[in-house]
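Below is one structure; the comments refer to it alone.
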Amino acid sequence: MSSKLEQLQALLAPVVEGLGYQCWGIEYVSQGKHSVLRIYIDKDGGILVDDCEAVSRQASAILDVEDPISSEYTLEVSSPGMDRPLFTLEQFASHAGEQVKIKLRIPFEGRRNFQGLLRGVEDQDVVVQVDDNEFLLPIDSIDKANIIPSFD
């Protein structure tokens, strides 16, 4: 995790949790003038637009005061949704048995994209089965991971 992301997590997670929500994860995508700060929130019973609005208002106020991002950016607050992103080892462990799509920052065994059955975690690795092969992917090398929704 980058130091900017760690800083944003430390700043915003207590705000989200103080409002009674779980801070599912934070993404910061720096793209010059079109940067995006995305906060995923969750709670029992699901998230409504009013919940996103409340968190957005509080987060905006904190971000205005602390000013951790010097360039222009768009703040988005969202539920994790059906294709929920996975950020932590605990989240990977709790979703074992589901299909996932994982993209790595750097290639592992010659590839960056993995799609298969999430087996769980071992130490600091995420275990994913792709066809007949099992891969242990270091959590620190995962750029993006999402649940693949099942509609059966």
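Take 1 as the starting number for the sequence shown in UniProt numbering and just add one per residue. By construction, the Cβ of each residue, glycine as well, lies at the ideal position given by its N, Cα and C atoms. Only a predicted model underlies this, so the values are computations on that prediction, with no experimental measurement involved.
Spatial distance of residue i from residue j (CA atoms)
i	j	result
V100	P85	9 angstroms
I102	A145	4 angstroms
F151	D131	21 angstroms
S141	I106	7 angstroms
E109	L137	10 angstroms
E17	S78	15 angstroms
Residue i in three-state terms, based on DSSP
i	result
L118	strand
A145	strand
P80	coil
E53	helix
G25	strand
E90	helix
D44	coil
E72	coil
S30	coil
Residue environment, residue i, which counts as buried when at least 16 other CB atoms sit within 10 Å
i	result
Y143	A quick correction: the sequence has Asp, not Tyr, at residue 143. So D143 counts as exposed.
V128	buried
L48	exposed
A61	exposed
Range of the contiguous beta strand (DSSP E) that encloses residue i
i	result
L107	Leu is not the amino acid found at residue 107; the sequence shown has Pro there. Element bounds for P107: 99-108.
Q129	125-130
Range covered by the alpha helix (DSSP H) that runs through residue i
i	result
L12	3-18
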